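In this note's numbering, the protein residues as written are -18 to 586. The beta-carbon is built from N, C-alpha and C at its ideal position, and this holds for glycine as well. All figures in this text were calculated on a predicted structure; none of them were measured in a lab. To start, the structure under review is shown below, and the notes come after it.
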């Protein structure tokens, strides 16, 4: 069993103590919980109270959070997917207007100075409170743009807070930046494993600066384009500080077929120099035995990878996959030939061996892609812990902030500003490519017409560089939950109207899917039935049969784009992305009725 720090033992107990606290919009703490008079007396109290502010993702859902992007789709219910195929309104979109995190931060910030500790320690805890308040407000700005900026909890002296009006995005973001700036200058540089330190705050700050800078640049409806470059320049500065002074480095042992993937199957990420922050898991001790459900990422349940991501990976010589003759008609085995090694550490490839079993995992040995209605045939192994050792699975840590992301923030912000040099590429993107055994990127790279068509609105003089940095970001951070925000900030939501597709079949009949040269499956036309006595292949293994057809014939096992060939179809209609409306959400109508000062809805809502 892995070693658990004293911090984590204390944290687990503290979170149990705090777990019953569930407060509403900006209300006071009930006196039976953490009281102002009886608490906040010493540093132990401050540490305990600060733990309540932690809001980082857990393993549940983390590796499937690219759903409803051009990386992955879902058969389940998802807000944006439902919006695109229906008529959403402020009456139907009711989630998100939850202010508990903001209130918790404000309560902490109003009371932490009661503790008898040094000014330096007080500044550290103020930094934590302001860091988490900034994070809470970032999510509000992303969703609603203009929101009320609240720095107090509700009391009998200021009940007017409950009827606050929206503040302009520019004002709110200014306050967010003030909180981040205080945090990165006052939070301790070092902290126990699993606790926030100054470098975590800087990584999160750089992440938001890139988001907000590019969002303003590519969203003219905000009328904030002129302020975008200042945010991008600040993103460069914060990322460069992490690069120069943080002591982090890209994990690279010289094994390009394993080094990338090992970051997502590691029981002690705190010993890996690339990890700025991780969530610690320990079997039967910390955070529960949650990893045993990780087979849900595989793609046989709701969320699954799609072809657009597969086609984005470069060839191993650095050339574009889209430059291969008839690349769109490559069948599964051919798609994986001579590709970026990260592809084999992210997706189940021909010859991948399944070891463990689970609710959505079937069989063992060389894996034969499973096909089912509304699934793509591609399967995700990043985030899947392919071992039969339950204790090992439940000890896997979750990498939340990787130095790799900081390098990509630096490169993208530099290119958006038109300042990118070869030296910048060599300390950022090319560090990631070197780990993968890929050729380095150079200035003035060739332009991939397929990539260029996705992003017609890139305005930087370093457009070619931006296109490839965006590809690199997509590949390096696939399935880590960045893709949705990236598409939104780049103002390319229309890409989601493209129907997501699965693997390609050129014909009916026998097909090899595990790459051993022996057919594994047989595709039958919709008019035929699967035989009761199944044939076997040359290895003596029974064939897997599927009846195929189009959406016009639902009585089949697999949908194809035509009756006898084509891509596996996962949805009949992806719907419509309304611009700029769907880059935002309306305030729930019930809240407008409670507080008319919130004003009219924005952006067509």
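Using alpha carbons as the reference points, say which of the options lies closest to residue i.
| i | options | result |
| --- | --- | --- |
| residue 143 | 108, 84, 152, 471 | 84 |
| residue 518 | 510, 543, 492 | 492 |
| residue 320 | 426, 456, 581 | 456 |
| residue 572 | 119, 73, 40, 58 | 73 |
| residue 76 | 66, 90, 89, 61 | 61 |
| residue 566 | 584, 349, 235, 156 | 584 |
| residue 284 | 341, 309, 326 | 341 |
| residue 529 | 112, 543, 516, 523 | 543 |
| residue 350 | 294, 106, 526, 109 | 526 |
| residue 476 | 508, 442, 445, 433 | 433 |
| residue 562 | 123, 93, 554, 508 | 123 |
| residue 520 | 501, 79, 507, 22 | 501 |
| residue 189 | 174, 216, 167 | 216 |
| residue 156 | 118, 167, 139, 185 | 118 |
| residue 201 | 90, 582, 438 | 438 |
Under 9 Å, do residue i and residue j count as touching if we go by C-beta distance?
| i | j | result |
| --- | --- | --- |
| residue 347 | residue 358 | no |
| residue 230 | residue 37 | no |
| residue 478 | residue 558 | yes |
| residue 417 | residue 213 | no |
| residue 356 | residue 549 | yes |
| residue 486 | residue 503 | no |
| residue 396 | residue 334 | no |
| residue 483 | residue 288 | yes |
| residue 380 | residue 244 | yes |
| residue 589 | residue 429 | Any property of residue 589 remains undetermined from this structure, which presents the chain solely from -18 to 586. |
| residue 112 | residue 227 | no |
| residue 378 | residue 294 | no |
| residue 292 | residue 431 | yes |
| residue 286 | residue 53 | yes |
| residue 458 | residue 464 | yes |
| residue 241 | residue 323 | yes |
| residue 22 | residue 95 | yes |
Label residue i either buried or exposed according to how many other C-beta atoms from any shown protein chain fall within 10 Å of its C-beta, with 16 as the threshold for buried.
| i | result |
| --- | --- |
| residue 414 | buried |
| residue 498 | exposed |
| residue 97 | exposed |
| residue 326 | buried |
| residue 280 | buried |
| residue 511 | exposed |
| residue 569 | buried |
| residue 237 | buried |
| residue 110 | buried |
| residue 211 | exposed |
| residue 176 | buried |
| residue 121 | buried |
| residue 129 | buried |
| residue 409 | buried |
| residue 252 | exposed |
| residue 336 | exposed |
What are the partner residues of residue i, as DSSP defines its beta bridges?
| i | result |
| --- | --- |
| residue 540 | 530 |
| residue 54 | 285 |
| residue 486 | 547 |
| residue 492 | 502 |
| residue 257 | Answer by DSSP bridge pairing: none, since residue 257 is not bridged. |
| residue 361 | 328 |
| residue 161 | Its beta-bridge partners do not exist; DSSP assigns none. |
| residue 517 | 523 |
| residue 35 | Bridge partners of residue 35: none, in fact. |
| residue 480 | Answer is none; residue 480 lacks a bridge partner. |
| residue 342 | 339 |
Does DSSP classify residue i as helix, strand or coil?
| i | result |
| --- | --- |
| residue 552 | coil |
| residue 9 | Note that residue 9 has pLDDT 39, beneath the 50 cutoff, so the model's placement of it is unreliable and the number below is only indicative. The answer is coil: DSSP assigns residue 9 none of H, G, I, E or B. |
| residue 21 | coil |
| residue 153 | helix |
| residue 347 | strand |
| residue 217 | helix |
| residue 582 | coil |
| residue 110 | helix |
| residue 128 | strand |
| residue 404 | helix |
| residue 145 | coil |
| residue 422 | coil |
| residue 574 | helix |
| residue 454 | helix |
| residue 188 | helix |
| residue 335 | strand |
| residue 415 | helix |
| residue 565 | coil |
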